[in-house]
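For reference, the structure discussed in these notes is given below.
Okay, here's the thing in structure tokens:
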């Protein structure tokens with residue numbers, strides 16, 4: 007089986023390269039070269055997942071999405087997997103794969119990535135879209151977990167914020183399960199936990215802080231995980247996620 011990865015230089019792409027072999031690797035610099043190739047499977051881990059940059063400059067972000075779409079129009083493949091984001095829903099709370107998406111409610115980051123999802127569904131019939139929540143994994147260099155690991159200030163995080171931390175080191179395994187189950191949209195949802203709970207359970211840190219902004223709320227659910235051999239509505243319970251985070255912290259697989 008010939009496989010290609012689009013977006014191999016970002017956090018998710020680099021982790022996928024550690025988990026699987028790809029015959030072709032493409033980025034914004036060489037994506038036009040994919041027009042001359044044919045693959046059995048293409049995985050798209052693009053575009054950039056730096057949310058605050060996308061929201062700060064939505065015009066540039068939309069232009070970046072359009073360049074990716076222009077490149078994807080030349081892709082020839084039997085199967086297509088796209089790694090998307092929970093933020094296509096806003097807020098990403100109490101929704102599953104069948105919940106309607108209202109792009110007008112989303113921030114530019116989520117709205118533009120939903121536009122990309124829609125292009126992919128139309129251009130690659132039978133494509134599989136995986137929506138990821140909060141992440142950790144090899145090469146982590148930002149987010150609440152990173153700040154806890156490095157003793158950085160936590161003043162930007164409300165202690166009542168709810169997060170769903172998915173271990174991206176298992177992503178290839180879940181991609182293969184989703185393909186085998188022929189699931190076309192899948193929320194990689196784990197049981198939510200508050201920032202305060204995560205700090206205490208994983209770092210033995212008492213964290214209590216209120217921000218001017220309301221708490222973040224990530225409460226994705228899934229109705230299709232049973233088809234992959236898991237339990238609905240979550241891949242893992244809160245306690246299982248805490249164990250995964252503690253194992254990750256002990257591994258030291260993070261940028262400094």
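In the working numbering, the protein residues as written are 7 to 262.
All C-beta atoms in this analysis are idealised placements derived from N, C-alpha and C, irrespective of residue type, glycine included.
Under 7 Å Cβ to Cβ from residue 214, same chain only, skipping five residues before and after it: list those, please. 165, 202
For residue 84 and residue 131, what's the separation of their Cα atoms in angstroms? 9 Å
For residue 97 and residue 223, what's the separation of their Cα atoms in angstroms? 7 Å
Find the nearest neighbour of residue 58 within the set 18, 244, 162, judged by alpha-carbon distance. 162
Selection from 99, 167, 212 that minimises the alpha carbon distance to residue 220: 167
What are the boundary residues of the beta strand (DSSP E) that residue 30 is part of? 30-32
Where residue 245 falls, given that 16 or more other Cβ within 10 Å makes a residue buried: exposed
Answer yes if the region 62-82 comes into contact with the region 169-184, meaning at least three C-beta pairs across the two stretches below 8 Å, and no otherwise. no
Which whole runs of the beta strand (DSSP E) in the region 185-246 are 3 residues long or more, in chain order? 191-193
Test item: CB-CB of residue 143 and residue 61 under 9 Å: no
Quick check on the burial criterion: 16 or more other C-beta atoms within 10 angstroms. Buried or exposed for residue 7? exposed
Identify, in the order they occur along the chain, each residue of the same chain with its Cβ nearer than 6 Å to the Cβ of residue 254, setting aside the five sequence neighbours on each side. 142
Pull the bridge partners of residue 173 from the DSSP assignment, please. 142
Note down, in chain order, each residue of its chain lying with its Cβ closer than 8 Å to the Cβ of residue 100, except the 5 sequence neighbours on either side. 225, 227
From what residue to what residue does the alpha helix (DSSP H) around residue 125 run? 114-129
So, residue 50 versus residue 23, is the Cβ gap smaller than 9 Å? no
For residue 151, does the count of other Cβ atoms within 10 angstroms reach 16, so buried, or fall short, so exposed? buried
State buried or exposed for residue 17, treating a residue as buried only when at least 16 other CB atoms are found within 10 Å of its CB. buried
Is residue 90 helix, strand or coil by DSSP? strand
Taking all protein chains shown into account, decide if residue 129 is buried (16 or more other Cβ within 10 angstroms of its Cβ) or exposed. exposed
Classification of residue 256 by the beta-carbon crowding that lies within 10 angstroms, buried from 16 upward: exposed
To the nearest angstrom, how far is the alpha carbon of residue 155 from that of residue 216? 20 Å
As assigned by DSSP and simplified to three states, the class of residue 102: coil
For residue 160, the first and last residue of its enclosing alpha helix (DSSP H): Looking at the DSSP string, residue 160 is not in any alpha helix (DSSP H), and its letter there is neither H nor E.
Rounded separation between residue 75 and residue 38 - CA only: 11 Å
Give the single residue among 182, 193, 218, 247 whose Cα lies nearest to the Cα of residue 207. 247
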